[in-house]
Ligand code: ARG
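Numbering (the numbering used here), first residue to last: 859 to 1319.
Pasting the structure below:
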């Protein structure tokens, strides 16, 4: 009797597996987290086999009851996972046979671990995408709420991190909302390709049993069944796509984090993050570090890395299933875990941002942020834009020398640069006048930000 006898594939083997190889090839250490999905897939498969007459109703009931018991045992933390049994699938199948006897051995009729694992990953990822969407929504709502409180809070808008033009903080926050909206769309769209049933492809070519794949799909809430058995067992596009969507999303969170970090520095001092989202320094008593956004920025590295890992994993594989595919799980799971964590902490952090309106306003006042407004004013009075640009450039040079903002110059001083300037110029040189003037869809005017918030709420549903 070979020492492999407890393994479902032992028949062909004469010698036991090398101990290190056994550990090396096992995936149960990480794929056991899909146990619920594995059991759901098995229950649907058994039900389908009963429907087409491959299993009797009694056999099917025994199998389903046994699987449900096992699920409970696992949930209670009382299941004995064995590396010898390689993966979640064989652990559960072998426990089933131990529990209900010979009938347990019939469960694997007309399927293979190849279509089984592809099904499990899809079921698992589908659930995770739904919970990621829920966390994402919390963050979206938090952003819109904060934007609503800052419809007319003014801060400098930057290009090249140099003061460009005054903007409203609500408008700035809604820029983040737009990015997250696209992330939401990408996640939802990806669900269409996740939600396809591969079960029935068996090892690679299909099965000789009269299976009813549409029935299995219906039981598992899949929209459709996959078209090609070879593709079904080897396709991981949906997981790569998810990693790509996750990468874009974490890239957004990383950019957002970068702004929060800059803004909470003493040099900017635009915001203060709540104490519960920061840590101190063990040596510098004055320090309050923005660890949470820093860590989120840092986590983008591993998530981008997993996308590259998944693409590389697939690029050399001939059809159909290869053991390489077992390497899809850890990067996928790590992406899910970290993305969910980042979204959760971000959604909790946003309402705890203390906005320092006065500092923002003072900063917008520096750096000649209304220079474009003066140029636009001259254009409205008939000057070609390029000439206006030149005139304002000279006024700014004068302001730098005199340490005076454009709005602080006298009318006579301004008229030295162009005699078409009149007293109404001061309406456009104020920060409030500047933002209010950008009054069209997509513009920073408080009126537009209010309207954008109303639309954002509608889009969130
Ligand atoms: N643990 C394997 C995986 O994750 C399950 C499928 C194994 N199939 C096989 N023929 N070795 O990919």
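We put the beta carbon where it would ideally sit given N, CA and C, even for glycine. Note that this is a predicted model, so its numbers are computed, not measured.
- Look at residue 1009 here: in three-state DSSP terms it is coil, with no helix or strand label.
- Remark: the C-beta of residue 885 is in contact range of the ligand ARG, defined as less than 7 Å to any heavy atom.
- Beta-bridge analysis with DSSP links residue 1017 to 1020.
- When DSSP states are grouped into helix, strand and coil, residue 1131 belongs to the strand group.
- For residue 1279, the three-state secondary structure derived from DSSP is coil.
- Look at the region 1222-1300 and you find these whole runs of alpha helix (DSSP H), each 4 residues long or longer: 1229-1238, 1243-1260, 1269-1273, 1283-1287, 1289-1295.
- Cβ atoms of residue 889 and residue 1187 come within 8 Å of each other, at about 6 Å.
- At least one heavy atom of the ligand ARG is found less than 7 Å from the C-beta of residue 1179.
- Shown here, residue 1031 sits in a helix according to DSSP, grouped into three states.
- For the pair residue 905 and residue 918, the CB atoms are nearer than the 8 Å cut-off.
- Residue 1175 has its CB no nearer than 7 Å to any heavy atom of the ligand ARG.
- One thing to note: residue 1078 has its Cβ within 8 Å of the Cβ of residue 898.
- Contact between residue 1084 and residue 1055 holds, since their C-beta atoms are separated by about 6 Å, short of 8 Å.
- With at least 16 other beta carbons inside 10 angstroms of its own, residue 966 counts as buried.
- Exclusion of residue 957 from the 7 Å shell around the ligand ARG follows from its C-beta lying no nearer than that to any non-hydrogen atom of the ligand.
- Cβ contact annotation for residue 1289 (same chain, cutoff 6 Å, sequence separation greater than five): 1012, 1024, 1222, in chain order.
- For residue 945, the CB falls within less than 7 Å of some heavy atom of the ligand ARG.
- With fewer than 16 neighbouring CB atoms inside 10 Å of its own CB, residue 1043 falls in the exposed class.
- Between residue 1060 and residue 980, the CB-CB gap reaches or exceeds 8 Å.
- With at least 16 other beta carbons inside 10 angstroms of its own, residue 1121 counts as buried.
- Distance from the CA of residue 880 to the CA of residue 1152, rounded to the nearest whole angstrom, comes to 40 Å.
- Going by DSSP, residue 1212 is part of the beta strand (DSSP E) stretching over 1211-1213.
- Annotation: the region 892-917 contains the following complete segments of the alpha helix (DSSP H) (minimum length 4 residues), in chain order: 893-909.
- Around the beta carbon of residue 1189, 16 or more other beta carbons sit within 10 angstroms, so the residue counts as buried.
- Of the heavy atoms belonging to the ligand ARG, at least one sits nearer than 7 Å to the Cβ of residue 1183.
- If you draw a straight line from the Cα of residue 952 to the Cα of residue 864, it comes to about 8 Å.
- Distance check between residue 1108 and each of 1200, 1057, 1047 places 1200 closest, using alpha-carbon atoms only.
- For residue 879, the CB stays at least 7 Å from every heavy atom of the ligand ARG.
- At least one heavy atom of the ligand ARG lies closer than 7 Å to the C-beta of residue 889.
- In the displayed model, residue 1066 falls within coil according to three-state DSSP, outside both helix and strand.
- Residue 887 has its alpha-carbon roughly 9 Å from the corresponding atom of residue 940.
- When rounded, the separation of the alpha-carbon atoms in residue 1179 and residue 1063 is 11 Å.
- As a beta-bridge residue in DSSP terms, residue 1055 pairs with 1083.
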